[in-house]
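Quick note, the sequences are listed as chains B and E, same order. In this text, residue positions in the first sequence follow full-length UniProt numbering: the first is 1, and each later residue adds one. In this text, residue positions in the second sequence follow full-length UniProt numbering: the first is 1, and each later residue adds one. Using N, Cα and C, we set each Cβ at its ideal position, and we do this for glycine too. Here is the structure we will look at.
2 protein chains.
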Amino acid sequence: MADKFEVDEIDRKILSFLVKNARMPFLEIARECGISGAAIHQRVKKMEEAGIIAGSRLTVKPKALGFDVCAFVGVQLSQSNQYDGVISALKLMPEVVECHFITGPYAVLLKLFCRDNEHLMEVLVNTIQNIPGISNTETFISLNQAIERQVYVKDPSPSPKKAKK
Amino acid sequence: MADKFEVDEIDRKILSFLVKNARMPFLEIARECGISGAAIHQRVKKMEEAGIIAGSRLTVKPKALGFDVCAFVGVQLSQSNQYDGVISALKLMPEVVECHFITGPYAVLLKLFCRDNEHLMEVLVNTIQNIPGISNTETFISLNQAIERQVYVKDPSPSPKKAKK
DNA sequence: CGTGAAAATCCGTTCTT
DNA sequence: AAGAACGGATTTTCACG
């Protein structure tokens, strides 16, 4: 489990840096936090073992790879007990980047990236609608994503800001 | 702009590794790709400058930081021209991690993380509903996130596995 | 555009307090 | 647990093919 672990102020500060830049050198973090690099190393390792840190990812702009269309799809299931099978099928679709089981009129909410509207249409009609257990879908195209960030860790921190170089 | 850039097979392969692990050493990538570390470095740098790579992020499990509730909120605006002001207000809310302007009955779709249902309630009633320009909201709580990944870059690749050195 | 090597930096471990 | 220090690996730059 990932529970039963105390994340103190320094841990949060470490995370606040790494959440913004996963390749930030530990030594630089150490300087910002005022402790040694070894301490950073130990703390990060501990948080990884505790499951607080799930991994790290380079952020690629979908548009740069030719994925111009972002859309959310609300999915209704014909029988709610077919959830597992539907998930398995969705995992095989490279266009799907998120899949949630949600409350409300839709059982499942998907987020996906497609090359263009034609590609989106193809994915909806030829793939998603053909998955056994899926009865109906409703699509919301994202025209603009204004906010994209991680879960809140800590304020940017007043950073001791060494007076001068 | 981030356009007008050709991402070739090697670039895609580099990205496919870094998308899964942003801290993967360039030299290790170099070995997998069969070219030198300097070449990897140059390509990554070029992709950063071209805007293909937006940055890198450590992935933190929200639950480990006490954010047990993930929810999507569909927001209707009283006047669609108030979009900018609404976005500014939403950016100040640490609970909001995504904000999209979408087609369909809702003008805006939010994704947010809260500590618990009480916190969610407070955010909805005391904060979101008070933002000028927001007329109505509908909330979908995510009971389970089954898929979480980046935009599709490339298949894991059969890795040419250098026959010998 | 890739290579190879040099210099600076960083990582991960060990030892000490 | 935290800090200092060491050897080994990595990042980054540069001139050359």
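If I measure Cβ to Cβ from V123(E) and keep anything under 8 Å in the same chain, skipping five residues before and after, which residues do I get? M93, E95, L112 and C114
Within the same chain, show all residues whose beta-carbon is closer than 7 Å to that of D11(E), passing over the 5 residues directly before and after it, in chain order. R43 and M47
Interface partners of C114(B) on chain E, CB under 7 Å: Neighbours of C114(B) on chain E: none; closest Cβ ~10 Å, over 7 Å.
Can you confirm whether G51(E), when its beta carbon is compared against all beta carbons of chain B, has any partner nearer than 8 Å? yes
Apart from the five residues just before and just after P158(B), which ones in its own chain have a Cβ nearer than 7 Å to its Cβ? Because the pLDDT at P158(B) is just 48, under 50, the model does not fix this residue reliably, and the value given afterwards should be weighed accordingly. No residues qualify anywhere along the chain.
For the region 128 to 144 of chain B, which residues have a CB atom closer than 9 Å to at least one CB atom of chain E, in sequence order? E138, T139, F140, I141, S142, L143 and N144
contact_flag[the region 137 to 154 of chain E, the region 84 to 92 of chain B] where n(CB pairs < 8 Å) is 3 or more: yes
Reference L65(B), options A50(E), G104(E) and G74(E), closest by Cα: A50(E)
Contact set between residue 166(B) and chain E, taken where Cβ atoms lie within less than 7 Å: The requested residue 166(B) is not part of the displayed model; chain B covers only 1 to 165.
Specify the secondary structure class of A71(E) as computed by DSSP and reduced to three states. strand
Name the one or two DSSP bridge partners that R57(B) has. R57(E)
Report back the beta-carbon spacing between I53(E) and L58(B) to the nearest angstrom; my notes put them in contact at under 8 Å. 6 Å
Taking only beta-carbon atoms, is K61(B) less than 8 Å away from chain E? yes
Between V153(E) and the rest of its own chain, which residues show a CB-CB distance below 8 Å, the 5 nearest in sequence each way excluded? R12, L15, S16 and V19
Using alpha carbons as the reference points, say which of I134(E), L27(E), H119(E) and T139(E) lies closest to Y83(E). I134(E)
Do we get a CB-CB distance below 8 Å when we pair residue 200(E) with the residues of chain B? The shown model of chain E, from 1 to 165, leaves out residue 200(E), and the question about it has no answer.
Length at least 3, wholly inside the region 89 to 119 of chain E: the beta strand (DSSP E) runs in chain order: 96 to 102 and 108 to 114
Taking only beta-carbon atoms, is R57(E) less than 8 Å away from chain B? yes
Is there a Cβ from chain E that is less than 8 Å from the Cβ of E95(B)? yes
Quick check on V125(B): buried or exposed, where buried means 16 or more other Cβ atoms within 10 Å of its Cβ? exposed
Per-residue DSSP class, three states only, for N130(B): helix
Pick out the complete beta strand (DSSP E) segments inside the UniProt domain "HTH asnC-type" (7 to 68) of chain B, 3 residues or longer, and give them in chain order. 53 to 60
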